[in-house]
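Colleague: Chains as they are written, first to last, in numbering that gives the first Met the number 0: chain Y, 0 to 166; chain V, 0 to 212. Just passing along the structure, written as C-alpha cells.
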Amino acid sequence: MVAAQNGHGGAYRRLLSEMSEWLTRYFQRRLPPGDVDDAVQETLLAVHRRRHTYDPQYPLGPWLAAIAKNKWIDQLRSLARRPMDELPDEIAVGDHEASVVSSSVLASLLDELRPAQAQAILLVKVQGYSVEEASGQIGLSASAVKMNIHRGLARLTAIIEKAPDVE
Amino acid sequence: MSSESLIVDLSSDLAPVQRRSMLREGGLVLALGAVELTLFLGLGVMRPDISHMAGSPYLMWRVGSLGLLAVVACVLAIRSFSPTARPRRGLMLACALAVAAIAGGAFVTPDGSGEQALLDRIDPARGMLCAASIFVLSLPIVALLGALMRRAAPTQPRLSALASGIAAGACGAFVFAFCCPFNDPLYVVVWYTVGCAAVAAAARWRLPRRFRL
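Written as C-alpha cells, this is what we have:
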C-alpha cells in the first residue's frame, strides 16, 4: 500500500487483486449473490479514492475491513430501499419441455453411434462448426469427417424408422 | 465492468498521493482559529475590562474551560476521520468535559449575581444574540472540519459530523468569550450551551449529506 501511495502501479494492481479476492469472500457471506460484485467494486473504488488515508504505522487489514463494513451497510440500505414485487402463487414461465425432450432424445440416439460418428454430427450438424474446424478438433481428415457424418446420419435414420413410437 | 478491468483501470496512470496527517490537519484548524480570534478582536469588540479581569477565576473558568473543550473536541473530531476510529468514546469524553466545565461554573459565581431573579440572570433577549454570535463565529471552523472530513474516510460520518460540530461550537464560544460582557455563569452555561448545541445539530444534519466514502 505504501508503494501504491507513492504511485507504483504494479504493486497497486497486485494489492487490489488480493483485496478483491478477500472482499469477494467477505461479501459472499453477507450479501445476496447478485450484489457481491457491486459491493466489491464499490469498495475498490473507495479504497482508491481514500488511499491517502491509510497510515503505514498501522496494519492494512483493519483499515480495509472498516471500509468494507461501511460499504456493506450501504448495500444493505440500498437493498432495503429497493422495491420488492411479490411473486404470484402461479407464475407463468416459458415451456421448455420440447427442447429438453429433443436434447434428451438426441443424446440417446447419438449413444447408438460410433463415437467418431457421434462427435462429427454433434460438432457440424448441432453446434454449427465447419467440416474443416471439426476435423481440426477431432483429429481426422475433412473427408473422414464427411464420411462419418454421412454414415452416422444414415444409421440414425435407420434407428428412427425402426423405432415403434415415431410420429 | 468486471473487477479485473476495474483494477487495471485504477492501477494504470497511478499518481502519488500525499498521506493524510492529523498533525497537519490540527495545525490548519489551530491556524484558522488563531486568524479568526485575531480578526475578531481586531474589530475592537473585546471587553474593555479584559485586562482588569485577567486573573479572575471567572474569566479563567470561562476561557479556560472553553479553550480546553475546543482543543479536545478538535482532536477527537480529526481522529474520528480515520476509517478505523471509534468516535463514540471520544464524544462521551467531550460531553463529560462539557458537564465538568458547566459544574465548575458553580464555584466562580460573581458577587451578587445569585440574588437576582432567574429570568433576569438568563436574559433571553440578549442570550439569543450571544448564541447566534457563537453560531456565526463557529462557521469557518465547521467549514474547515467539513472539508477535512470529506477528504478523509470516516466510517461513522454522523458521529464524526457531531464531533466536528461540538469542536466548532467550542471554538466559536472560545472566541466569543473574549467579548461577551456578561459575567453570570448561569447565563454563560445556558446560552453558550445553546450556541454550541445549535452548531453541533447543524453539523450533524448537514455534513454527512456532503460526504460519501
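Every residue gets a Cβ at the ideal spot worked out from N, C-alpha and C, and that includes glycine. On a predicted model such as this, the values are computed, not experimentally measured, just so you know.
Express the C-alpha separation of ALA162/Y and VAL123/Y in angstroms, rounding to a whole number.
Modeller: By one-based count along the first sequence, residue 123/Y stands at place 124. By one-based count along the first sequence, residue 162/Y stands at place 163. VAL123/Y and ALA162/Y: Cα-Cα distance of roughly 25 Å.
Colleague: Going by C-alpha to C-alpha distance, which of PRO47/V, ILE77/V, LEU90/V and ALA97/V sits closest to GLY213/V?
Modeller: Past the edges of chain V, shown from 0 to 212, lies residue 213/V, and the structure says nothing about it.
Colleague: Using a Cβ-Cβ cut-off of 8 Å, state whether LEU147/V counts as contacting chain Y.
Modeller: Locating residue 147/V in the second sequence gives position 148, counting from the first residue. No, LEU147/V does not count as interfacial toward chain Y.
Colleague: Using a Cβ cut-off of 9 Å, pull out every chain B residue sitting near SER11/V, in sequence order please.
Modeller: This model lacks chain B altogether, as its protein chains are Y and V.
Colleague: If LEU147/V sits next to GLU35/V, beta carbons under 8 Å apart, how far is it from one beta carbon to the other, in whole angstroms?
Modeller: For this step, residue 147/V is matched to residue 148 along the second sequence. For this step, residue 35/V is matched to residue 36 along the second sequence. With 8 Å as the limit, LEU147/V and GLU35/V do not qualify as a contact, their Cβ atoms being about 16 Å apart.
Colleague: Taking 8 Å as the cut-off, decide whether the C-beta atoms of ILE148/Y and ALA119/Y are in contact.
Modeller: By one-based count along the first sequence, residue 148/Y stands at place 149. By one-based count along the first sequence, residue 119/Y stands at place 120. Contact flag set, yes.
Colleague: For THR154/V and chain Y, any beta-carbon pair shorter than 8 Å?
Modeller: On the second sequence, residue 154/V is found 155 positions in, with the first residue counted as 1. Output row for THR154/V: interface = yes.
Colleague: When the Cα atoms are used, what is the spatial distance from GLY32/V to LEU38/V?
Modeller: In the second sequence, the residue the question calls residue 32/V occupies position 33. In the second sequence, the residue the question calls residue 38/V occupies position 39. Spanning the two alpha carbons is a distance of roughly 10 Å.
Colleague: For a cutoff of 8 Å on Cβ pairs, would you count ALA160/V as touching chain Y?
Modeller: Start at 1 with the first residue of the second sequence, and residue 160/V comes out as number 161. Output row for ALA160/V: interface = no.
Colleague: Return the residue from the list PRO31/Y, GLU131/Y and ALA2/Y that minimises the CA-CA distance to GLN74/Y.
Modeller: Taking the first sequence and counting its residues from 1, one reaches residue 74/Y at position 75. Checking every option, the nearest Cα to that of GLN74/Y belongs to PRO31/Y.
Colleague: In chain Y, what lies closer than 8 Å to THR83/V by C-beta?
Modeller: Here residue 83/V refers to the residue found at position 84 when the second sequence is read from its first residue. By Cβ distance, chain Y contributes TYR57, PRO61, TRP62 and ALA65.
Colleague: Give me the residue from PHE181/V, LEU68/V and VAL107/V with the minimum Cα distance to ASP122/V.
Modeller: As a first step, residue 122/V must be located in the second sequence, where it is residue number 123. For the residues PHE181/V, LEU68/V and VAL107/V, the minimum Cα distance to ASP122/V belongs to PHE181/V.
Colleague: Please state whether DSSP places GLY6/Y in a helix, a strand or coil.
Modeller: Residue mapping note: residue 6/Y aligns to position 7 of the first sequence, counting from 1. In the structure shown, GLY6/Y sits in coil (DSSP, three-state: anything other than H, G, I, E or B).
Colleague: At a Cβ threshold of 8 Å, is HIS47/Y touching chain V?
Modeller: The residue given as residue 47/Y occupies position 48 in the first sequence. It does; some Cβ of chain V falls within 8 Å.
Colleague: Measuring alpha carbon to alpha carbon, tell me which residue in ARG157/V, CYS195/V and ALA84/V is nearest PHE175/V.
Modeller: Counted from its first residue, the second sequence places residue 175/V at position 176. Taking only the C-alpha atoms, the option nearest PHE175/V is CYS195/V.
Colleague: Using the Cβ count rule (16 or more neighbours within 10 Å means buried), how would you classify SER19/Y?
Modeller: If you number the first sequence from 1, residue 19/Y lands on position 20. So SER19/Y ends up on the buried side.
Colleague: If I follow the unbroken alpha helix (DSSP H) through LEU105/Y, where does it start and stop?
Modeller: In the first sequence, residue 105/Y corresponds to position 106, counting from 1. Note, LEU105/Y: alpha helix (DSSP H), 96–109.
Colleague: Just to confirm the assignment: which complete alpha helix (DSSP H) runs, minimum length 4, are found wholly within the region 15–77 of chain Y?
Modeller: DSSP runs (the alpha helix (DSSP H)) wholly in the region 15–77 of chain Y: 32–48.
Colleague: Going straight from the alpha carbon of LEU78/Y to that of GLY60/Y, what length do you get?
Modeller: As a working mapping, residue 78/Y is identified with position 79 in the first sequence. As a working mapping, residue 60/Y is identified with position 61 in the first sequence. In a straight line, the C-alpha of LEU78/Y is about 26 Å away from that of GLY60/Y.
Colleague: State the DSSP-derived secondary structure class of GLY63/V, mapped to helix, strand or coil.
Modeller: Start at 1 with the first residue of the second sequence, and residue 63/V comes out as number 64. Three-state result, GLY63/V: helix.
Colleague: If you draw a straight line from the C-alpha of LEU58/V to the C-alpha of CYS73/V, how long is it?
Modeller: What you label residue 58/V is simply residue 59 of the second sequence in a count that begins at 1. What you label residue 73/V is simply residue 74 of the second sequence in a count that begins at 1. In a straight line, the C-alpha of LEU58/V is about 22 Å away from that of CYS73/V.
Colleague: Got a sec: is the Cβ-Cβ distance from ILE242/V to anything in chain Y below 8 Å?
Modeller: Past the edges of chain V, shown from 0 to 212, lies residue 242/V, and the structure says nothing about it.
Colleague: Is there at least one Cβ from chain V nearer than 8 Å to LYS68/Y's Cβ?
Modeller: As a first step, residue 68/Y is located in the first sequence; it is residue number 69 there, counting from the start. With 8 Å as the cut-off, LYS68/Y counts as an interface residue toward chain V.
Colleague: Which runs of the alpha helix (DSSP H) at least 4 residues long sit entirely within the region 150–202 of chain V? Give them in chain order.
Modeller: The qualifying runs are 156–175.
Colleague: Let's see if you can read the secondary structure: which residues bound the alpha helix (DSSP H) around LYS179/Y?
Modeller: Because chain Y here runs from 0 to 166, residue 179/Y falls outside it and cannot be looked at.
Colleague: Could you check whether the Cβ of SER79/V sits closer than 8 Å to any Cβ belonging to chain Y?
Modeller: On the second sequence, position 80 is the one that residue 79/V refers to. No, because no Cβ of chain Y sits closer than 8 Å to the Cβ of SER79/V.
Colleague: With a cut-off of 8 Å, does the C-beta of GLU166/Y fall near any C-beta of chain V?
Modeller: Here residue 166/Y refers to the residue found at position 167 of the first sequence. Residue placement at GLU166/Y cannot be trusted, given a pLDDT of 47 that sits under 50; what the coordinates show is reported in the next sentence. Taking Cβ atoms only, chain V never reaches closer than 8 Å to GLU166/Y, which makes this a no.
Colleague: For ASN69/Y, count the other beta carbons within 10 Å of its own beta carbon; 16 or more makes it buried, fewer makes it exposed. Which is it?
Modeller: Here residue 69/Y corresponds to residue number 70 of the first sequence, with the count starting at 1. Classification for ASN69/Y: buried.
Colleague: Over the uninterrupted alpha helix (DSSP H) stretch that includes ALA53/V, give me the two end residues.
Modeller: Counted from its first residue, the second sequence places residue 53/V at position 54. It is not in any alpha helix (DSSP H) - ALA53/V carries neither H nor E in the DSSP assignment.
Colleague: Tell me whether GLU166/Y is buried or exposed, calling it buried when 16 or more other Cβ atoms sit within 10 Å of its Cβ.
Modeller: The residue labelled residue 166/Y in the question sits at position 167 within the first sequence. Only weak support exists for where GLU166/Y lies, its pLDDT of 47 falling under 50; the value from the coordinates is given anyway. By the neighbour-count rule (16 or more Cβ atoms within 10 Å), GLU166/Y is not buried but exposed.
Colleague: Run the CB neighbour count on ALA157/Y, radius 10 Å, all protein chains shown included, and call it buried at 16 or more, exposed below.
Modeller: Within the first sequence, the letter at position 158 stands for residue 157/Y. Per the 10 Å Cβ criterion, exposed.
Colleague: Rounding to the nearest angstrom, what Cα-Cα distance links HIS51/Y and ASP88/Y in this structure?
Modeller: Translated into the one-based positions of the first sequence, residue 51/Y becomes position 52. Translated into the one-based positions of the first sequence, residue 88/Y becomes position 89. Taking the straight line from one Cα to the other gives about 52 Å.
Colleague: Any C-beta of chain Y sitting closer than 8 Å to the C-beta of GLY103/V?
Modeller: Numbered from its first residue, the second sequence carries residue 103/V at position 104. So, not an interface residue.
Colleague: Taking the alpha-carbon positions, what's the ALA115/Y to SER101/Y distance?
Modeller: Taking the first sequence and counting its residues from 1, one reaches residue 115/Y at position 116. Taking the first sequence and counting its residues from 1, one reaches residue 101/Y at position 102. Looking at the two C-alpha atoms, the distance is approximately 21 Å.
Colleague: Using DSSP with H/G/I as helix, E/B as strand and the rest coil, what is ARG113/Y?
Modeller: The sequence position of residue 113/Y within the first sequence is 114, counting from 1. Residue state, collapsed to three classes: coil.
Colleague: Please report how far the alpha carbon of CYS129/V lies from the alpha carbon of ARG19/V, in whole angstroms.
Modeller: Stepping through the second sequence from its first residue, residue 129/V is reached at position 130. Stepping through the second sequence from its first residue, residue 19/V is reached at position 20. Their Cα atoms are separated by approximately 36 Å.
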